[in-house]
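Going by the numbering used here, the sequence shown opens with residue 53, and the numbers climb by one from there.
Note that CB positions come from ideal geometry on N, CA and C, so glycine has one too.
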Amino acid sequence: NVARNALQAQGHLGRIVLRTRARSNVSIGSALHRLVASVQVEDSGPGVPAHLRSLIFYPLMTGRANGTGLGLAVAQDLVTRNGGIIEFESEPGRTVFTLLLPLGEDT
Numbered sequence: 053n054v055a056r057n058a059l060q061a062q063g064h065l066g067r068i069v070l071r072t073r074a075r076s077n078v079s080i081g082s083a084l085h086r087l088v089a090s091v092q093v094e095d096s097g098p099g100v101p102a103h104l105r106s107l108i109f110y111p112l113m114t115g116r117a118n119g120t121g122l123g124l125a126v127a128q129d130l131v132t133r134n135g136g137i138i139e140f141e142s143e144p145g146r147t148v149f150t151l152l153l154p155l156g157e158d159t
């Protein structure tokens with residue numbers, strides 16, 4: 053859902069960059085995780101409009117005329133159910149979504 057949103061946001065003339073890496077000793081909420089997967093989706097689209105930034109993870113919120121407003125809500129639900137977090141940074145010409153997911157058992 054996050055990558056599809058990036059594709060739709062940037063259109064045919066922009067670019068999308070996917071980055072993955074393992075990170076150690078990362079806090080998610082009040083829990084410290086020894087190892088997490090970090091997945092970043094970056095696009096060169098117009099950015100998330102300021103008036104939608106605090107609302108984009110709510111169901112039925114969309115900035116597109118033909119959008120359902122479910123994609124990011126579903127993505128956040130899946131990440132949260134697996135003990136992770138999804139965050140984003142956005143400005144005109146660059147939006148980056150970062151998903152952090154715990155790996156393995158923490159002691």
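Item: Minimum length 3: unbroken beta strand (DSSP E) runs contained in the segment 77 to 103; Value: 83 to 95
Item: Nearest candidate by alpha-carbon position, reference Phe-140, set Asn-134, Ala-127 and Arg-133; Value: Ala-127
Item: Residue environment, Asn-57, which counts as buried when at least 16 other CB atoms sit within 10 Å; Value: buried
Item: Buried or exposed by the 16-neighbour rule on C-beta atoms within 10 Å, applied to Ala-102; Value: exposed
Item: Terminal residues of the alpha helix (DSSP H) in which Arg-56 lies; Value: 54 to 62
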